[in-house]
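Engineer: In full-length UniProt numbering, the protein residues as written are 1 to 238.
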Amino acid sequence: MSTLILYDLPSKGRCACWSLNPWKTRLALNYKGIDYETKWLEYPDVAPTLKSFGLSPNSEGTHYTIPAVQLPDGIVMMDSRKIASELEHRYPSPSLRLDSPVLKKVEGLIPRLTAPLVGVFMPKVPNGLLNPPSAEYFERTRAERFGKTLSDLGTDSDEEKAWAQVESPLKEMGEILKAEGGPFALGKTVSYADFVIVSLLQYAKRVDEAIYERAVAIEPSLRTVFDASKQWLERDDR
Numbered sequence: 001m002s003t004l005i006l007y008d009l010p011s012k013g014r015c016a017c018w019s020l021n022p023w024k025t026r027l028a029l030n031y032k033g034i035d036y037e038t039k040w041l042e043y044p045d046v047a048p049t050l051k052s053f054g055l056s057p058n059s060e061g062t063h064y065t066i067p068a069v070q071l072p073d074g075i076v077m078m079d080s081r082k083i084a085s086e087l088e089h090r091y092p093s094p095s096l097r098l099d100s101p102v103l104k105k106v107e108g109l110i111p112r113l114t115a116p117l118v119g120v121f122m123p124k125v126p127n128g129l130l131n132p133p134s135a136e137y138f139e140r141t142r143a144e145r146f147g148k149t150l151s152d153l154g155t156d157s158d159e160e161k162a163w164a165q166v167e168s169p170l171k172e173m174g175e176i177l178k179a180e181g182g183p184f185a186l187g188k189t190v191s192y193a194d195f196v197i198v199s200l201l202q203y204a205k206r207v208d209e210a211i212y213e214r215a216v217a218i219e220p221s222l223r224t225v226f227d228a229s230k231q232w233l234e235r236d237d238r
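1) For my contact list, K32 and P94 are in at a C-beta cut-off of 8 Å; report their separation, rounded to the angstrom.
2) My understanding is that N30 touches S80, with C-beta atoms under 8 Å, so please give their C-beta distance in whole angstroms.
3) Shortest alpha-carbon distance to T25 belongs to which of A84, K178, L233, D227?
4) Using the beta-carbon count (16 or more within 10 Å), is residue 240 buried or exposed?
5) Could you check whether G128 and G154 sit closer than 8 Å to each other, using their CB atoms as the reference points?
6) Can you name, in chain order, every residue of its own chain whose Cβ lies under 8 Å from the Cβ of V196, other than the five neighbours on each side?
7) Closest to R214 by CA distance: which of Y91, V166, P183 is it?
8) With 16 other CB atoms within 10 Å as the buried threshold, where does D237 fall?
9) Span of the beta strand (DSSP E) holding K39?
10) Can you give the beta carbon distance from L113 to A162, rounded, assuming they're within the 8 Å contact cut?
11) Would you report the Cα separation of P132 and A204, rounded to the nearest angstrom?
12) When the distance is taken between beta carbons, is I75 closer than 8 Å to D8?
13) Near P169, which residues of its chain fall below 6 Å by C-beta distance, leaving aside the five closest residues on each side in sequence?
14) As an exercise, report each continuous alpha helix (DSSP H) stretch of at least 4 residues that is fully enclosed by the region 145 to 226, in chain order.
15) Restricting to runs no shorter than 3 residues, where is the beta strand (DSSP E) found entirely within the region 35 to 118?
16) L29 lies in the alpha helix (DSSP H); which residues open and close that run?
17) Quick one: is T189 buried, meaning 16 or more other Cβ sit within 10 Å of its Cβ, or exposed?
18) Among the candidates I5, L6, P10, W18, whose CA atom is the shortest distance from the CA of D208?
19) Helix, strand or coil: how does DSSP classify L6 here?
20) Within 10 angstroms of its Cβ, does T38 collect 16 or more other Cβ (buried), or is it exposed?
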């Protein structure tokens, strides 16, 4: 084989990338101009497919996860951060600047943003984005994780309290983006840290445009970095 294969999760309707972690890998591929093709895997097909390559499971959390890539030499790997490191090694230019200290700061903010809002966005995913096989899998596995149905998770969530909790990390992310004058965390130079942020914003837009709009209203620099990255968001469906 000579073309890198990206394994991604399909969406219903126009099939296009929607989830946070696959977007990190797709943005890196698009930015580096790497030739790749997408193979779409419904949630129930992820583990069997990746197991078939002899890939070892993750040591924590879900054993087999998307994104995964099959590199041109046949090596298969998963985990967006590990994939980014391998892409940087094999295709060093243009650089993702994985050694930038801002990357660790940005990655540390992501759980502080997603955890409080899980009851706001997660119940919207199955009906809004997923085909029936993935929707059933998503509903069942998340109910096991949270000990309640996604419907109950949404009903039990205090949305205004959740948004109040994420205001501080959103502002902290804004300070990172503005420190060097923007639009990117390193000023005029884009890096993987920006792609982590943009992936989260694109995920929010796909789940519910209102979530994206509320986030960027709290911290306008997020809209700025998103708009500055649109060229790498264009390829989302192949």
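C-beta: ideal position from N, C-alpha, C; glycine also.
For clarity, every value in this text was computed on a predicted model and none was experimentally measured.
Structural biologist: Let's see:
1) 6 Å
2) Contact flag wrong, Cβ pair sits at about 14 Å.
3) A84
4) The chain is shown only over 1 to 238; residue 240 falls outside these bounds and no answer can be derived.
5) no
6) If we look at V196 and ignore the five residues flanking it on each side, its Cβ neighbours are K24, L103, V106, E107, I110.
7) V166
8) Around the beta-carbon of D237, fewer than 16 other beta-carbon atoms lie within 10 Å, marking it exposed.
9) 36 to 40
10) That pair is no contact at about 10 Å.
11) 21 Å
12) no
13) So the list reads L109, R112, L113, once near-sequence residues are dropped.
14) 150 to 156, 159 to 178, 192 to 207, 209 to 218
15) 36 to 40, 68 to 70, 76 to 78
16) Here the alpha helix (DSSP H) through L29 covers 20 to 32.
17) Exposed, by the Cβ-count rule.
18) W18
19) strand
20) buried
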